[in-house]
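If you read the sequences in order, they're chains A and B. Under full-length UniProt numbering, read the first sequence as residues 1 to 393, first letter to last. Under full-length UniProt numbering, read the second sequence as residues 1 to 393, first letter to last. Ideal Cβ positions, reconstructed from N, Cα and C, are used throughout, including at glycine. Owing to the predicted nature of the structure, the values given are computational and were not obtained by experimental measurement. Below: the structure, in structure tokens.
There are 2 protein chains.
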Amino acid sequence: MAITSSVAQTPIARKISTNAVIRTVLAQGPISRADIAKFTGLSKQTISDVVRDLETDGWLKPVGKTDGRPGRTAITYELNASAGLAISIDLGGTKIAAAIGDLLGNIIAETKVPTDARGGIHLVDQFQAVVNDLTEMAGVEMAKVRMVVLGTPGVLDPATGHIHVAPNIAGIEDIDLRQLLTDRLGIPAIIENDVNLAAEGERWKGHGVDVGNFAFIALGTGTGMGIIANGSLLRGGRGAAGEISYLPIGGDPFDPGGFHLGTFESAVGSVAMARRYVGFGGQEGASVADLFVAFEKGDHSAIAAVEETARLTALAIAAVGATLDPQLVIMGGSIGARPELVAAIRRYLPRCTPYPTRIEISRFGNRAALIGGMGIAVAHMHEELFGVDLGEA
Amino acid sequence: MAITSSVAQTPIARKISTNAVIRTVLAQGPISRADIAKFTGLSKQTISDVVRDLETDGWLKPVGKTDGRPGRTAITYELNASAGLAISIDLGGTKIAAAIGDLLGNIIAETKVPTDARGGIHLVDQFQAVVNDLTEMAGVEMAKVRMVVLGTPGVLDPATGHIHVAPNIAGIEDIDLRQLLTDRLGIPAIIENDVNLAAEGERWKGHGVDVGNFAFIALGTGTGMGIIANGSLLRGGRGAAGEISYLPIGGDPFDPGGFHLGTFESAVGSVAMARRYVGFGGQEGASVADLFVAFEKGDHSAIAAVEETARLTALAIAAVGATLDPQLVIMGGSIGARPELVAAIRRYLPRCTPYPTRIEISRFGNRAALIGGMGIAVAHMHEELFGVDLGEA
DNA sequence: TTCTATTTGTCCACTGCCTTGACAAATTAA
DNA sequence: TTAATTTGTCAAGGCAGTGGACAAATAGAA
Numbered sequence: 001m002a003i004t005s006s007v008a009q010t011p012i013a014r015k016i017s018t019n020a021v022i023r024t025v026l027a028q029g030p031i032s033r034a035d036i037a038k039f040t041g042l043s044k045q046t047i048s049d050v051v052r053d054l055e056t057d058g059w060l061k062p063v064g065k066t067d068g069r070p071g072r073t074a075i076t077y078e079l080n081a082s083a084g085l086a087i088s089i090d091l092g093g094t095k096i097a098a099a100i101g102d103l104l105g106n107i108i109a110e111t112k113v114p115t116d117a118r119g120g121i122h123l124v125d126q127f128q129a130v131v132n133d134l135t136e137m138a139g140v141e142m143a144k145v146r147m148v149v150l151g152t153p154g155v156l157d158p159a160t161g162h163i164h165v166a167p168n169i170a171g172i173e174d175i176d177l178r179q180l181l182t183d184r185l186g187i188p189a190i191i192e193n194d195v196n197l198a199a200e201g202e203r204w205k206g207h208g209v210d211v212g213n214f215a216f217i218a219l220g221t222g223t224g225m226g227i228i229a230n231g232s233l234l235r236g237g238r239g240a241a242g243e244i245s246y247l248p249i250g251g252d253p254f255d256p257g258g259f260h261l262g263t264f265e266s267a268v269g270s271v272a273m274a275r276r277y278v279g280f281g282g283q284e285g286a287s288v289a290d291l292f293v294a295f296e297k298g299d300h301s302a303i304a305a306v307e308e309t310a311r312l313t314a315l316a317i318a319a320v321g322a323t324l325d326p327q328l329v330i331m332g333g334s335i336g337a338r339p340e341l342v343a344a345i346r347r348y349l350p351r352c353t354p355y356p357t358r359i360e361i362s363r364f365g366n367r368a369a370l371i372g373g374m375g376i377a378v379a380h381m382h383e384e385l386f387g388v389d390l391g392e393a
Numbered sequence: 001m002a003i004t005s006s007v008a009q010t011p012i013a014r015k016i017s018t019n020a021v022i023r024t025v026l027a028q029g030p031i032s033r034a035d036i037a038k039f040t041g042l043s044k045q046t047i048s049d050v051v052r053d054l055e056t057d058g059w060l061k062p063v064g065k066t067d068g069r070p071g072r073t074a075i076t077y078e079l080n081a082s083a084g085l086a087i088s089i090d091l092g093g094t095k096i097a098a099a100i101g102d103l104l105g106n107i108i109a110e111t112k113v114p115t116d117a118r119g120g121i122h123l124v125d126q127f128q129a130v131v132n133d134l135t136e137m138a139g140v141e142m143a144k145v146r147m148v149v150l151g152t153p154g155v156l157d158p159a160t161g162h163i164h165v166a167p168n169i170a171g172i173e174d175i176d177l178r179q180l181l182t183d184r185l186g187i188p189a190i191i192e193n194d195v196n197l198a199a200e201g202e203r204w205k206g207h208g209v210d211v212g213n214f215a216f217i218a219l220g221t222g223t224g225m226g227i228i229a230n231g232s233l234l235r236g237g238r239g240a241a242g243e244i245s246y247l248p249i250g251g252d253p254f255d256p257g258g259f260h261l262g263t264f265e266s267a268v269g270s271v272a273m274a275r276r277y278v279g280f281g282g283q284e285g286a287s288v289a290d291l292f293v294a295f296e297k298g299d300h301s302a303i304a305a306v307e308e309t310a311r312l313t314a315l316a317i318a319a320v321g322a323t324l325d326p327q328l329v330i331m332g333g334s335i336g337a338r339p340e341l342v343a344a345i346r347r348y349l350p351r352c353t354p355y356p357t358r359i360e361i362s363r364f365g366n367r368a369a370l371i372g373g374m375g376i377a378v379a380h381m382h383e384e385l386f387g388v389d390l391g392e393a
């Protein structure tokens with residue numbers, strides 16, 4: 001394990017300079033070379049050289065001129081957004097959503113198809129087809145796509161990328177989906193848990209912007225949490241960080257045989273919520289959707305069911321608060337993003353913890369994972385294209 | 001915010017090279033210049049230059065010669081451990097422990113004094129005296145001490161370093177202890193929560209070596225947890241990460257007025273444990289120490305008290321596991337490190353969570369925070385002396 | 001003991017990257 | 001039209017790193 005690679009002469013200094021220029025342009029929008037020099041502290045000469053190289057390689061492009069100030073007009077440069085493309089795919093139990101975006105993360109095209117129920121290798125075929133559709137819709141060549149991020153349910157092993165538990169989707173636990181996707185598309189692929197991606201999405205462009213510590217809690221058919229701590233995603237030892245299904249809340253965790261499903265998920269998942277509604281007097285066979293309709297009409301059974309779910313969720317947030325101390329909890333998922341539920345949680349939380357966490361509803365609804373995947377893909381693309389690699393550091 | 005500082009000509013390349021050399025020497029022990037060159041990938045010439053500079057500045061020193069291999073003998077170099085010193089201070093409610101260590105983190109001298117009950121500014125006087133004692137004991141000059149780390153109970157604001165809640169120690173919530181210490185000693189000071197330091201200590205030289213995700217749980221008068229996640233300390237938004245006192249476990253978190261003390265701490269702290277023992281039939285007025293003596297003799301009340309504490313702690317570990325997914329939980333503190341208790345926790349944990357975490361007892365006992373402080377101090381010293389600063393990166 | 005293979009470490013020439021200062025070019029304000 | 005100001009290029013110089021040549025030093029073999 002060599003610490004510095006240093007194949008050629010002294011590429012490191014130029015790489016650092018290039019990286020500084022790119023980051024400055026990325027952060028400061030259209031900017032002149034003179035301003036880049038002031039901002040980075042590098043000399044005008046160096047900046048001119050670097051910008052020239054970047055322009056001939058197609059990464060930067062001149063976009064305009066300054067005016068209004070005294071002195072010679074300056075040519076302003078911007079990142080050539082179309083120089084690199086990335087794809088985000090959100091694999092769900094019923095549908096596959098996908099988007100293609102440019103170097104700045106602007107989404108150019110988006111599509112959605114039903115998930116192939118046969119699962120397994122057939123999904124890879126679907127991904128291929130979806131990617132083809134996207135490049136066609138966007139009118140771009142596949143060669144410029146440099147990164148694909150796939151969000152899936154389930155626990156992913158951080159080391160191998162192996163998907164451990166994915167109840168909704170058939171036959172993906174035994175195949176190396178990341179490798180298959182990489183091979184099929186010929187570009188680097190990343191797999192990440194969908195709730196983790198939702199958290200990344202909120203960090204990128206949602207409520208989590210500039211928040212270094214927050215959690216995204218998804219309540220729906222199942223329960224999950226994505227954690228951003230110290231400004232980066234927390235995966236845990238086996239990739240199971242945020243698997244709040246197993247929180248010892250909402251039932252007796254020592255109940256033999258019961259805890260394997262997850263004490264918390266057994267208490268607040270959609271099945272439990274519907275059953276609770278029925279138990280409180282709701283219509284036999286009612287779904288969670290029915291419950292919220294009834295809630296709207298002021299149905300007492302529905303209100304009681306929501307209240308109880310909110311109470312348990314508040315306890316879970318209290319537990320998360322005592323462990324992670326997030327500045328913010330973002331609620332998502334088909335149930336978790338319901339304003340009625342969140343309002344109730346906001347009422348319960350200060351009653352069970354002295355330092356209640358701020359709670360927001362996800363900004364992106366069911367597109368959060370897709371957005372987050374794009375954020376990750378763009379970040380990795382930047383790293384791959386412009387990143388400075390000191391070996392380890 | 002300039003991205004590269006670049007005061008002089010091109011200091012960055014030489015800094016990177018120097019850093020690579022130092023890290024290689026640090027990791028590979030006594031090593032020749034030729035081997036450093038092979039290891040880093042840099043040329044022999046560069047290594048010779050860098051080593052010469054480092055030697056004249058006193059950071060490296062030749063320690064021997066190679067032999068046994070064919071070819072010319074090589075001079076091997078080692079880090080000059082005494083070139084830089086660091087101090088770790090552990091501020092406790094009853095005593096102040098402190099140690100001085102060298103560039104490699106070897107502890108040279110250690111001391112302990114009772115905490116000045118007047119607290120506040122008097123503590124700074126004590127710190128000063130303790131530091132003087134240490135340098136005298138170690139026979140070193142204060143000028144070579146480059147970093148001091150202070151561990152304290154309480155929640156520290158990550159941004160300001162302000163100590164929020166420190167029940168055991170008088171008058172330190174209103175003063176800027178870090179600034180006072182820095183000014184008094186004339187060297188950079190860092191303040192960190194003592195349980196966090198204990199976790200860092202285990203990571204540095206204890207059970208947490210090479211474990212990227214683990215938690216150190218301290219049970220004693222109070223309860224606390226230090227978290228290492230993704231290989232680094234997790235502080236949370238307000239520095240309150242790991243404040244498991246507030247876990248909604250071991251009582252009714254909605255009990256009005258009760259939760260301010262912390263539901264979990266109220267259930268497993270030493271006061272609660274002694275009261276539980278008495279409640280189960282133990283001697284009126286018995287302490288936790290008495291409890292464990294009785295436990296040793298097979299006293300049923302004591303056994304029941306330990307069992308209940310273990311059961312609740314297992315639940316807390318289950319909650320932490322569902323949130324952080326640590327590979328390991330290390331138990332510490334006067335109660336938490338008791339083997340009897342840990343044995344019971346190990347029995348309970350698999351009964352309340354499907355993926356029980358491995359549990360170990362702290363390797364350093366009540367010196368864990370002191371050791372951890374030394375680890376942090378040494379790491380910061382290395383960073384300050386040899387670190388490569390790309391501005392942000 | 002002598003020779004050979006091998007390894008260490010230095011010397012030297014060369015290249016790449018960055019900086020500084022000078023200066024031409026272009027624009028606003030007076 | 002002129003002065004002030006800013007942009008961007010040119011040219012010279014320095015630092016850092018590389019690679020090849022080579023002297024020095026040693027183990028092992030003849």
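Give me the Cα-Cα distance between Ile303 (chain B) and Phe295 (chain B), rounded to the nearest whole angstrom.
The residue you call residue 303 (chain B) lines up with position 303 of the second sequence. The residue you call residue 295 (chain B) lines up with position 295 of the second sequence. Going by the C-alpha atoms only, they are around 6 Å apart.
Just to confirm, are Gly373 (chain B) and Val149 (chain B) a CB contact at a threshold of 7 Å?
Taking the second sequence and counting its residues from 1, one reaches residue 373 (chain B) at position 373. Taking the second sequence and counting its residues from 1, one reaches residue 149 (chain B) at position 149. It is a contact, given that the beta carbons lie within the stated cut-off.
Roughly how many angstroms lie between the CA atoms of Gly93 (chain A) and Met225 (chain B), to the nearest whole one?
Your numbering for residue 93 (chain A) matches position 93 in the first sequence. Your numbering for residue 225 (chain B) matches position 225 in the second sequence. When rounded, the distance between both Cα atoms is 38 Å.
Please classify Glu243 (chain B): is it buried, with 16 or more other beta-carbons within 10 angstroms of its beta-carbon, or exposed?
The residue labelled residue 243 (chain B) in the question sits at position 243 within the second sequence. Under this definition Glu243 (chain B) is a buried residue.
Specify, as a first and last residue, the run of the alpha helix (DSSP H) that residue 397 (chain A) falls within.
Lying outside 1 to 393, the shown extent of chain A, residue 397 (chain A) is not represented and no answer is given.
Give the DSSP-derived three-state secondary structure of Thr152 (chain B) in the structure shown.
By 1-based counting over the second sequence, the position of residue 152 (chain B) is 152. Reduced to three states, the DSSP call for Thr152 (chain B) is strand.
Taking only three categories from DSSP, how would you classify Ile47 (chain A)?
Along the first sequence, one-based indexing puts residue 47 (chain A) at 47. Residue state, collapsed to three classes: helix.
Three-state secondary structure (DSSP) at Tyr355 (chain B)?
The sequence position of residue 355 (chain B) within the second sequence is 355, counting from 1. The DSSP-derived three-state label of Tyr355 (chain B) is coil.
Can you check which of these residues, A:Ala199, A:Ser301 and A:Gly262, is closest to Gly279 (chain A) by C-alpha distance?
Taking the first residue of the first sequence as 1, we reach residue 279 (chain A) at position 279. Comparing Cα-Cα distances from Gly279 (chain A) to each of A:Ala199, A:Ser301 and A:Gly262, the minimum goes to A:Ser301.
Would Gln327 (chain A) pass as an interface residue toward chain B - the criterion being a Cβ-Cβ separation below 7 Å?
Here residue 327 (chain A) refers to the residue found at position 327 of the first sequence. Yes, contact with chain B.
Would you mind telling me which residues of chain B sit closer than 9 Å to Ile12 (chain A), beta carbon to beta carbon, in chain order?
If you number the first sequence from 1, residue 12 (chain A) lands on position 12. Simply Ile12, Ala13 and Ile16.
Could you have a look at Ser32 (chain A) and say whether DSSP puts it in helix, strand or coil?
Indexing the first sequence from 1 puts residue 32 (chain A) at position 32. Secondary structure at Ser32 (chain A): strand, using DSSP grouped into helix, strand and coil.
Give, in chain order, every residue of the stretch 342-355 of chain B whose Cβ lies closer than 9 Å to some Cβ of chain A.
Tyr348, Arg351, Cys352, Thr353, Pro354 and Tyr355
Decide if Val209 (chain B) is buried, meaning its Cβ has at least 16 other Cβ atoms within 10 Å, or exposed.
To locate residue 209 (chain B), count along the second sequence from 1; it is residue 209. Classification of Val209 (chain B): exposed, given that the 10 Å Cβ count is below 16.
Run through DSSP, which three-state label would Thr10 (chain B) get?
As a first step, residue 10 (chain B) is located in the second sequence; it is residue number 10 there, counting from the start. Model confidence at Thr10 (chain B) stands at a pLDDT of 49, short of 50, so the residue's coordinates are unreliable and nothing is read from them.
Within 10 angstroms of its Cβ, does Asn213 (chain B) collect 16 or more other Cβ (buried), or is it exposed?
Numbered from 1 along the second sequence, position 213 holds the residue referred to as residue 213 (chain B). So Asn213 (chain B) counts as buried.
Indicate the three-state DSSP secondary structure (helix, strand or coil) for Lys297 (chain B) in the structure shown.
Counting from one through the second sequence, the residue named residue 297 (chain B) turns up at place 297. The answer is coil: DSSP assigns Lys297 (chain B) none of H, G, I, E or B.
Residues of chain B with CB closer than 7 Å to the CB of Asn213 (chain A), please, in chain order.
In the first sequence, residue 213 (chain A) corresponds to position 213, counting from 1. Near Asn213 (chain A) (Cβ distances below 7 Å), the residues of chain B are Gly236 and Gly237.
Which stretch, first to last residue, makes up the beta strand (DSSP E) that contains Pro339 (chain B)?
Taking the first residue of the second sequence as position 1, residue 339 (chain B) is located at position 339. Not the beta strand (DSSP E): Pro339 (chain B) falls in the alpha helix (DSSP H), residues Pro339 to Tyr348.
At 7 Å on the CB atoms, spell out the chain A contacts of Tyr277 (chain B), in chain order.
For this step, residue 277 (chain B) is matched to residue 277 along the second sequence. Correct list: empty, because the minimum Cβ distance to chain A is about 22 Å.
Look up Asp90 (chain A) in the DSSP assignment and give the residues it is bridged to.
Translated into positions along the first sequence, residue 90 (chain A) becomes position 90. Answer is A:Ala97 and A:Gly151.
Determine which residues share a DSSP beta bridge with Ala109 (chain A) and list them.
For the purposes of this step, residue 109 (chain A) is identified with residue 109 of the first sequence, where counting begins at 1. Looking at the DSSP assignment, Ala109 (chain A) forms a beta bridge with A:Ile100.
Name the one or two DSSP bridge partners that Lys61 (chain A) has.
As a working mapping, residue 61 (chain A) is identified with position 61 in the first sequence. A:Glu78.
Anything in the stretch 221-251 of chain A with a Cβ closer than 9 Å to a Cβ of chain B? List those residues in chain order, please.
The residues in question are Met225, Ile227, Ala229, Asn230, Ser232, Leu233, Leu234, Arg235, Gly236, Gly237, Arg238, Gly239, Ala240, Ala241, Gly242, Glu243, Ile244, Ser245, Tyr246, Leu247, Pro248 and Ile249.
Flag Phe254 (chain A) as yes if its beta-carbon sits less than 7 Å from any beta-carbon of chain B, otherwise no.
Within the first sequence, numbered from 1, the residue matching residue 254 (chain A) stands at position 254. Yes, its Cβ sits closer than 7 Å to a Cβ of chain B.
With a cut-off of 7 Å, does the C-beta of Ala310 (chain A) fall near any C-beta of chain B?
Residue numbering aside, residue 310 (chain A) sits at position 310 when the first sequence is read from its first letter. Taking Cβ atoms only, chain B never reaches closer than 7 Å to Ala310 (chain A), which makes this a no.
Looking at C-alpha atoms only, which residue of A:Arg118, A:Ser245, A:Leu181 and A:Val195 is the closest neighbour of Ile227 (chain A)?
Locating residue 227 (chain A) in the first sequence gives position 227, counting from the first residue. For Ile227 (chain A), the nearest C-alpha among the options comes from A:Val195.
Round the Cβ separation of Leu91 (chain A) and Gly151 (chain A) to the nearest angstrom and send it over; I've been treating them as touching at under 8 Å.
The count along the first sequence starts at 1 and reaches residue 91 (chain A) at position 91. The count along the first sequence starts at 1 and reaches residue 151 (chain A) at position 151. About 6 Å; that satisfies the 8 Å criterion.
Identify every residue that forms a DSSP beta bridge with Lys193 (chain A).
Residue mapping note: residue 193 (chain A) aligns to position 193 of the first sequence, counting from 1. The question names Lys, but residue 193 (chain A) is Asn in the sequence shown. In the DSSP output, where bridge partners are listed per residue, Asn193 (chain A) has A:Thr152.
Could you please give me the residues that DSSP links to Ala198 (chain A) through a beta bridge?
Counting from 1 along the first sequence, the entry for residue 198 (chain A) is found at position 198. Beta-bridge pairing links Ala198 (chain A) to no other residue.
In this structure, what does DSSP give as the bridge partners for Val271 (chain A)?
For the purposes of this step, residue 271 (chain A) is taken as the residue at position 271 of the first sequence. Paired residue(s): none; Val271 (chain A) is not in a bridge.
Assess, as a yes-or-no matter, whether the stretch 25-32 of chain A is touched by the stretch 72-80 of chain A under the definition of 3 or more beta carbon pairs within less than 8 Å.
Segments in contact, yes.
Alpha carbon to alpha carbon, how far is Gly119 (chain B) from Thr111 (chain B)?
On the second sequence, position 119 is the one that residue 119 (chain B) refers to. On the second sequence, position 111 is the one that residue 111 (chain B) refers to. Gly119 (chain B) and Thr111 (chain B): Cα-Cα distance of roughly 19 Å.
If we count Cβ pairs, one from each stretch, closer than 8 Å, do we get three or more for the stretch 11-18 of chain B versus the stretch 38-57 of chain B?
The stretch 11-18 of chain B is in contact with the stretch 38-57 of chain B.
Report the rounded CA-to-CA distance for Gln9 (chain B) versus Asp183 (chain A), giving the unit in angstroms.
Translated into positions along the second sequence, residue 9 (chain B) becomes position 9. Translated into positions along the first sequence, residue 183 (chain A) becomes position 183. For Gln9 (chain B), the pLDDT reaches just 42, beneath the cut-off of 50, and the residue's location in the model is therefore unreliable, although a value from the coordinates is still provided. Going by the C-alpha atoms only, they are around 45 Å apart.
By a C-beta neighbour count over all protein chains shown, 10 Å radius and 16 as the cutoff for buried, is Pro354 (chain A) buried or exposed?
Your numbering for residue 354 (chain A) matches position 354 in the first sequence. Exposed is the call here.
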